[in-house]
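*Asks:* Here's a structure for you.
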Amino acid sequence: MSLLELKNITKIYQQGEIEVPALRGIDLNIGTGEFSTVFGPSGSGKTTLLNIIGCLDKPTEGKIIFNNKNIANLSKKDLASIRRKNIGFVFQSYNLIPVLTAYENVEFAIKILEHLSKEDIHNKVMNILDSVGLEGLEGRKPNELSGGQKQRVAIARALVKEPKLVLADEPSANLDSKTSEDVLEIMLKMNKELETTFLFSTHDPLVMDYAKRKIEIKDGLIARDERREEVDVFN
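The numbering used here applies: residue 35 is where the sequence shown begins, and numbers increase by one.
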């Protein structure tokens, strides 16, 4: 089942009188439950692509069908609503709020969902922290956590609202190889158990080893799109 479809997406940035094309006509279909990665050299357009998919930016031309709705021309307010309810983000720099505890950072992402009671919020936050291996650390602030623990908080924050799509921008960039494996195992587990769709942007061969689909971007175009059925889990 298709979750996201991009049709002839272009993005042109204006630098004075000069037009700089970042995306030159992207056609891409992402299915529900995929575990995929976008890769390519710096300046290839992959970050622009993720920003457009994540409703952080708008294309110059083209259609974006997300959850059976064309969202390409929606207002910033409507895009923010879609992003808030349906998309989770994991950044390489974690982007945690330093004055909040691990619990509060995760809680912050779900308190905006007004239909939940305080008890429901508490249960969801504690359950997701437990799922990513942070039980007992919920009271610590980011400066009291290791890099791997911070990334686990970021994953918990992205997943606590049960989004349809999680976008991860270089999630292993600041982690050692063992911690990277641990973090990827958590994401893969969530992908299998919850059918959450994951899309990564990365240069890391380890992340690409885990991906079920590899999408290469060059000069604003898709140069290669490879799929495989199973992913070998590292032990």
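Note that the Cβ used here is the ideal one computed from N, Cα and C, for glycine as well.
Just so we're clear, the structure is a prediction, and the values are computed from it rather than from any experiment.
Is there contact between the segment 233-247 and the segment 76-87, where contact requires at least three CB pairs shorter than 8 Å?
*Replies:* Flag = yes, the segment 233-247 and the segment 76-87 touch.
*Asks:* When the Cβ atoms of the segment 154-172 are set against those of the segment 133-145, are three or more pairs found closer than 8 Å?
*Replies:* Yes: at least three Cβ pairs fall under 8 Å.
*Asks:* Who are the Cβ neighbours of Ile131 in its own chain at under 6 Å, not counting the five residues just before and after it?
*Replies:* Position 97 of the sequence shown holds residue 131. Closer than 6 Å at Cβ, skipping near neighbours: Asn139.
*Asks:* Return the chain-ordered ranges of every beta strand (DSSP E) run that is complete within the segment 196-241 and spans a minimum of 3 residues.
*Replies:* Listed in chain order, the complete beta strand (DSSP E) runs (minimum 3 residues) inside the segment 196-241 are 199-203, 231-235.
*Asks:* Answer with buried or exposed for Ala114, where buried requires no fewer than 16 other C-beta atoms within 10 angstroms of its C-beta.
*Replies:* Within the sequence shown, the letter at position 80 stands for residue 114. Classification of Ala114: exposed, given that the 10 Å Cβ count is below 16.
*Asks:* Would you check if the distance between the CB atom of Met242 and the CB atom of Thr71 is smaller than 8 Å?
*Replies:* In the sequence shown, residue 242 corresponds to position 208, counting from 1. In the sequence shown, residue 71 corresponds to position 37, counting from 1. Against a cut-off of 8 Å, the Cβ pair of Thr71 and Met242 comes out as a contact.
*Asks:* Just to confirm before moving on: does the CB-CB distance between Val200 and Thr231 stay below 8 Å?
*Replies:* Start at 1 with the first residue of the sequence shown, and residue 200 comes out as number 166. Start at 1 with the first residue of the sequence shown, and residue 231 comes out as number 197. Yes, the pair counts as a contact, with Cβ atoms nearer than the cut-off.
*Asks:* Count the other CB atoms within 10 Å of the CB of Met221; is the residue buried (16 or more) or exposed (fewer)?
*Replies:* The residue given as residue 221 occupies position 187 in the sequence shown. Flag for Met221 reads buried.
*Asks:* Answer with buried or exposed for Ile52, where buried requires no fewer than 16 other C-beta atoms within 10 angstroms of its C-beta.
*Replies:* As a working mapping, residue 52 is identified with position 18 in the sequence shown. Exposed, since its Cβ has fewer than 16 Cβ neighbours within 10 Å.
*Asks:* My guess is that Leu171 and Gly96 are in contact by the Cβ rule of under 8 Å, so how many angstroms apart are they, rounded?
*Replies:* Position 137 of the sequence shown, counted from the first residue, corresponds to residue 171. Position 62 of the sequence shown, counted from the first residue, corresponds to residue 96. The Cβ separation is near 43 Å, so there is no contact.
*Asks:* Among residues of its own chain, excluding the 5 on either side of Asn63, which ones have a beta-carbon nearer than 8 Å to its beta-carbon?
*Replies:* Along the sequence shown, read from residue 1 onward, the residue named residue 63 stands at position 29. If we look at Asn63 and ignore the five residues flanking it on each side, its Cβ neighbours are Ser36, Leu38, Glu39, Leu40.
*Asks:* Go through the segment 69-142 residue by residue and report every complete run of the beta strand (DSSP E) that reaches 3 residues or more, in order.
*Replies:* With a minimum length of 3 residues, the continuous beta strand (DSSP E) runs that stay inside the segment 69-142 are 69-73, 95-100, 121-125.
*Asks:* What does the alpha-carbon distance come out to for the pair Ser76 and Asn101?
*Replies:* Reading the sequence shown from its first residue, position 42 is the one you call residue 76. Reading the sequence shown from its first residue, position 67 is the one you call residue 101. The straight-line gap from Cα to Cα measures roughly 30 Å.
*Asks:* Sort out for me which residues DSSP pairs Val54 with in a bridge.
*Replies:* Counting from 1 along the sequence shown, the entry for residue 54 is found at position 20. Partner(s): Tyr47.
*Asks:* Reducing DSSP to helix, strand and coil, say where Phe268 ends up.
*Replies:* In the sequence shown, counting from the first residue as 1, residue 268 sits at position 234. Legend: pLDDT at Phe268 = 43, less than 50; position of this residue unreliable, no value from coordinates given.
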